[in-house]
């Protein structure tokens with residue numbers, strides 16, 4: 004029964020090696036999907052390339068459905084998985100700042116790392132910027148602390164906060180994503196092509 | 464036109480890439496009990512640099528001190544190893560497709576210098592935002608969504624929603 008390392012089925016010493024292997028696949032998928040190109044990534048905001056939307060939502064839905072199935076079949080105990088904690092205003096304000104950073108810089112941390120690996124100099128500037136940003140946050144931590152630690156609601160899921168059935172939610176989310184993919188294709192046909 | 468030039472922009476079908484990424488997330492949760500991440504490694508990098516420059520300052524700071532544990536280096540961390548893997552994996556993919564090379568990618572309408580300035584300042588914002596939200600697009604939004612985390616969904620909506628709201632102001636950089 005998973006997760007394997009926390010349950011001691013794979014010994015803890017393996018975790019660094021597994022981390023590198025998982026990272027290799029992660030990096031390969033990001034680069035091969037075109038996420039090492041800031042102009043391809045930014046296309047999602049201007050309608051000339053929706054790869055970000057398609058890759059991101061396909062991945063989210065595949066992983067959601069897969070984990071729910073594995074939980075149902077008893078391969079993994081979903082309640083023992085790490086749920087990203089919810090700090091309401093931290094999630095909103097942090098997300099807003101990241102959104103501006105995304106459309107200004109054209110990368111997010113994972114994608115800029117994959118672009119650094121193939122020699123994009125703008126990605127190197129982006130990674131240095133991210134590190135400077137983290138440095139600024141850390142130095143001004145006392146200023147950010149109320150948002151960072153405040154409005155904590157626990158490691159909650161949408162099942163807790165909305166009281167919905169997870170299976171129905173994933174079904175609705177999947178239908179919504181398919182509609183969104185179809186609409187994005189229609190938008191892309193109307194938008195002026197951008198070559199990069 | 465040689466084969467390499469032709470293939471530079473041929474990427475995977477996005478649904479195929481997304482499917483594989485979803486499988487990888489399932490696998491990661493199944494093995495380790497947690498999701499993928501990216502900005503965490505950069506935080507470890509910053510903590511290590513600050514700790515090396517001034518150990519006293521790092522220990523007194525309320526934020527850095529969270530990540531310094533005795534003799535263990537902050538770089539000895541799951542996410543740092545994962546990030547090393549990301550660099551290797553992206554290098555392999557780029558190498559196989561002939562996309563490796565030093566270049567600044569930017570719209571022909573803007574200068575190289577302008578692109579670098581925006582990439583750098585966008586990075587600063589992303590770095591600050593990723594700390595406030597405790598994760599970036601990978602760690603908070605994508606891995607959060609995989610386990611239905613409320614915070615993950617909120618962060619995802621905030622990132623993309625704001626991206627669309629502010630896209631107009633940055634349009635000259637991209638289109």
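Residue numbers (the working numbering), protein chains in the order written: chain A, 4 to 199; chain B, 464 to 638.
Note that the Cβ used here is the ideal one computed from N, Cα and C, for glycine as well.
Can you tell me the Cα-Cα spacing of residue 110 of chain A and residue 596 of chain B, whole angstroms? Distance between the alpha carbons of residue 110 of chain A and residue 596 of chain B: 17 Å.
Can you tell me which of A:81, A:25, A:94 puts its alpha carbon nearest to the alpha carbon of residue 549 of chain B? Nearest neighbour of residue 549 of chain B by Cα position, chosen from A:81, A:25, A:94, turns out to be A:25.
Cβ of residue 516 of chain B within 8 Å of any chain A Cβ: So no, residue 516 of chain B is outside the interface.
Given this structure, state the Cα-to-Cα distance separating residue 120 of chain A from residue 185 of chain A, to the nearest angstrom. Taking the straight line joining both Cα atoms gives about 33 Å.
Assuming the contact rule is C-beta atoms closer than 8 Å, residue 546 of chain B and residue 501 of chain B should be a hit. Round their C-beta distance to whole Å, please. Correct: roughly 7 Å between the Cβ atoms.
Going by beta carbon distance, what residues of the same chain come within less than 6 Å of residue 34 of chain A, once the five residues before and after it are set aside? These residues qualify, in order along the chain: 117.
Quick one: is residue 98 of chain A near chain B, going by C-beta distance under 8 Å? Yes, residue 98 of chain A lies at the interface with chain B (some Cβ there is under 8 Å from its Cβ).
Look at the Cβ atom of residue 10 of chain A, then the Cβ atom of residue 86 of chain A, and state whether they are nearer than 8 Å. In terms of Cβ geometry, residue 10 of chain A and residue 86 of chain A do not form a close pair [threshold 8 Å].
Taking residue 630 of chain B and residue 99 of chain A to be in contact with their CB atoms under 8 Å, please state how far apart those CB atoms are, rounded to whole angstroms. Not confirmed; about 14 Å, so no contact.
Cβ-based burial, residue 22 of chain A [other Cβ within 10 Å; buried from 16]: Buried, by the Cβ-count rule.
Using a C-beta cutoff of 8 Å, does residue 612 of chain B count as contacting chain A? By this cut-off, residue 612 of chain B is an interface position.
Buried or exposed for residue 574 of chain B, going by 16 or more other Cβ atoms inside 10 Å? Answer is exposed; the Cβ neighbour count stays below 16.
Round the Cβ separation of residue 136 of chain A and residue 589 of chain B to the nearest angstrom and send it over; I've been treating them as touching at under 8 Å. Taking a contact as a CB-CB distance under 8 Å, the pair residue 136 of chain A and residue 589 of chain B counts as one, their CB atoms being some 6 Å apart.
Quick check: the Cα distance between residue 30 of chain A and residue 113 of chain A, rounded to an integer number of angstroms? When the Cα atoms are used, residue 30 of chain A and residue 113 of chain A turn out to be separated by approximately 8 Å.
Which of helix, strand or coil DSSP assigns to residue 5 of chain A: Looking at residue 5 of chain A - three-state DSSP - the assignment turns out to be strand.
Residues of chain A with a CB under 8 Å from the CB of residue 506 of chain B: which are they? Those within 8 Å of residue 506 of chain B in chain A are 137.
Can you pull the chain B neighbours of residue 9 of chain A, defined as C-beta to C-beta under 7 Å? The answer, in chain order, is 496.
What number of angstroms, rounded off, separates the C-alpha of residue 469 of chain B from the C-alpha of residue 128 of chain A? Here residue 469 of chain B scores only 49 on pLDDT, less than 50, and its place in the model is too uncertain to base an answer on.
Of the residues A:40, A:178, A:101, the one placed nearest residue 601 of chain B, counting alpha carbons only: Residue A:101 is the option with its Cα nearest to residue 601 of chain B.
Select from B:528, B:494, B:473 the residue whose C-alpha is nearest the C-alpha of residue 78 of chain A. Minimum Cα distance to residue 78 of chain A is reached at B:494.
What does the alpha-carbon distance come out to for the pair residue 613 of chain B and residue 63 of chain A? Residue 613 of chain B and residue 63 of chain A: Cα-Cα distance of roughly 14 Å.
Using a cut-off of 9 Å between C-beta atoms, extract the partners of residue 61 of chain A located in chain B. Per Cβ cutoff of 9 Å: 477, 478, 479, 480, 481, 482, 484, 485.
When the Cα of residue 478 of chain B is compared with those of A:150, A:180, A:195, A:196, which residue comes out closest? Nearest C-alpha to residue 478 of chain B: A:180.
Min CB distance residue 152 of chain A to chain B below 8 Å: No, its Cβ sits nowhere closer than 8 Å to a Cβ of chain B.
Run the CB neighbour count on residue 1 of chain A, radius 10 Å, all protein chains shown included, and call it buried at 16 or more, exposed below. The shown model of chain A, from 4 to 199, leaves out residue 1 of chain A, and the question about it has no answer.
Residue-chain proximity (residue 4 of chain A, chain B), Cβ-Cβ < 8 Å: False, the Cβ-Cβ gap to chain B never drops below 8 Å.
Minimum C-alpha distance to residue 551 of chain B - residue among A:32, A:175, A:153, A:173: The option with the nearest alpha carbon to residue 551 of chain B is A:32.
Can you tell me the Cα-Cα spacing of residue 503 of chain B and residue 634 of chain B, whole angstroms? So the two alpha carbons sit approximately 30 Å from each other.
Run down chain A in chain order and give the residues with a C-beta less than 7 Å from the C-beta of residue 488 of chain B. Chain order gives the chain A residues near residue 488 of chain B as 62, 66, where near means a beta carbon separation below 7 Å.
Nearest candidate by alpha-carbon position, reference residue 482 of chain B, set A:176, A:58, A:194: Closest option to residue 482 of chain B, Cα to Cα, is A:58.
Between the Cα of residue 496 of chain B and the Cα atoms of B:568, B:577, B:606, B:543, which residue gives the shortest distance? Sorting B:568, B:577, B:606, B:543 by C-alpha distance to the C-alpha of residue 496 of chain B places B:606 at the top.
Taking the alpha carbon of residue 636 of chain B as the reference point, which residue from A:162, A:125, A:156, A:39 has its own alpha carbon closest? Among A:162, A:125, A:156, A:39, the Cα nearest to that of residue 636 of chain B is on A:125.
Local conformation of residue 535 of chain B per DSSP, three classes: Assigned with DSSP and collapsed to three states, residue 535 of chain B falls in strand.
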